[in-house]
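Encoded as structure tokens, the structure appears first; notes follow it.
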Amino acid sequence: MTFQVLSAYILGGLLAFTALFSWIVILTGKFKPAHIIPCKTDNCKKLSKRLFIIQSLLLVFGSGLVFMRIGQLIEMHNDNVIDNLIYGLSSLLLIRAIGDFRFFGFFRSEDEGEFTQLDRRIFTPLAFVLFVLSLMLVI
């Protein structure tokens, strides 16, 4: 098993686990709007649930994409579509880790609020680890 395949299994497993965890949070009723976006108003609760579901579906898609890439790596086959989608996944994870320079990411300017605390402790480091693992798939 090569280093690429090992990192792909770890990345696919983390993406699938994160998606599963998202569904567990939403189905058990422990969801808070601060889990997905920085909320300052009451109107963001409905929007945040939709975004949370979209985010978990995208995580499932990303996990499936990584598992397709594992099949390619094992068979020594390259497909431009899967390669380009992996580049896109890596780019999105890097953009998420860097952030918007205000609410989330390594270079955020605000340090108060429930979302910012969750982002600093969990979301940004997770996005960076996932980016590094996805980078191993494109090298």
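Residue numbers for the sequence shown follow the numbering used here, beginning at 34 and rising by one. For each residue, glycine too, the CB sits at the ideal point set by N, CA and C. A quick note: this is a predicted structure, and the numbers were derived from the prediction, not measured.
query                                                                                                                                                                                : result
Would you mind sorting serine 142 into buried or exposed? The rule is 16 or more other CB atoms within 10 Å of its CB.                                                               : exposed
Are the stretch 142–158 and the stretch 76–93 touching by the rule of at least three beta carbon pairs closer than 8 Å?                                                              : no
Using the Cβ count rule (16 or more neighbours within 10 Å means buried), how would you classify alanine 102?                                                                        : First, the residue type needs correcting, since residue 102 is arginine and not alanine in the sequence shown. Its Cβ being crowded by 16 or more others within 10 Å, arginine 102 is buried.
Which residues in the same chain as arginine 135 place their Cβ atom closer than 7 Å to its Cβ, once the five residues preceding and following it in sequence are excluded?          : Arg141, Ser142 and Glu143
Excluding the five sequence neighbours on either side, which residues of its own chain have a C-beta within less than 8 Å of the C-beta of phenylalanine 139, listed in chain order? : Ala130, Ile131, Gly132, Thr157 and Phe161
Inspect the beta-carbon positions of phenylalanine 137 and aspartate 116 and report whether they are closer than 7 Å.                                                                : no
Cβ-heavy atom distance between proline 66 and the ligand GTP below 6 Å?                                                                                                              : The model on display carries no ligand, and the ligand GTP is accordingly not part of it.
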